[in-house]
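*Asks:* Numbered per numbering that gives the first Met the number 0, the sequence shown spans residues 0 to 124. All C-beta atoms in this analysis are idealised placements derived from N, C-alpha and C, irrespective of residue type, glycine included. I'd like to ask some things about the structure below.
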Amino acid sequence: MNVVDSSCWLEYFAGSKVGDAVAAAIEDISSLVIPSITLYEVFKKLLVETNEDQALLAIAHMKQGRVIELDAELAIYSAKIGKDNKLALADSIIYATSSKYDCTLWTQDQHFKGLKKVKYFEKEQ
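Take a look at the structure:
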């Protein structure tokens, strides 16, 4: 099972080297778990940088995976995970979702570097 962080989704849509590295995780739809906050982050970024049609197309691709909504149980678990790992709100939700569903988290976000079941990629300059 895989969770792909917003940073890596954006790299995938841009066709970068990191995007190529995460392509197998993204394209394995049956093993793809999508925290709903990731939809927000990717949609907002693409809406600002491209246009609404491109952003909606990306979201349609993402929604082929299993979208996990933030419910009360996951919110509380996210708060605990965030406190224990010093993560901000969105990162807490993403990492808690990844942990709850026993996923590998694919990311470029340094806040996750060194955490259990994280595949970290350095950002390209």
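Quick one: what's residue 39 bridged to in DSSP?
*Replies:* Residue 39 has no beta-bridge partner at all, per DSSP.
*Asks:* From which residue to which residue does the beta strand (DSSP E) around residue 49 run?
*Replies:* Per DSSP, residue 49 belongs to no beta strand (DSSP E) and is neither H nor E.
*Asks:* Where does the unbroken alpha helix (DSSP H) through residue 31 begin, and where does it stop?
*Replies:* Unbroken run through residue 31 is the beta strand (DSSP E), 31-34; no alpha helix (DSSP H).
*Asks:* Indicate the three-state DSSP secondary structure (helix, strand or coil) for residue 104 in the structure shown.
*Replies:* In this structure, DSSP gives residue 104 an extended state, which the three-state scheme calls strand.
*Asks:* Using the three-state DSSP reduction, which class does residue 118 fall into: helix, strand or coil?
*Replies:* strand
*Asks:* Measuring alpha carbon to alpha carbon, tell me which of 101, 86 and 1 ends up nearest residue 108.
*Replies:* The residue among 101, 86 and 1 with its C-alpha nearest the C-alpha of residue 108 is 86.
*Asks:* Whole angstroms are fine: how far does the CA of residue 71 sit from the CA of residue 3?
*Replies:* 22 angstroms
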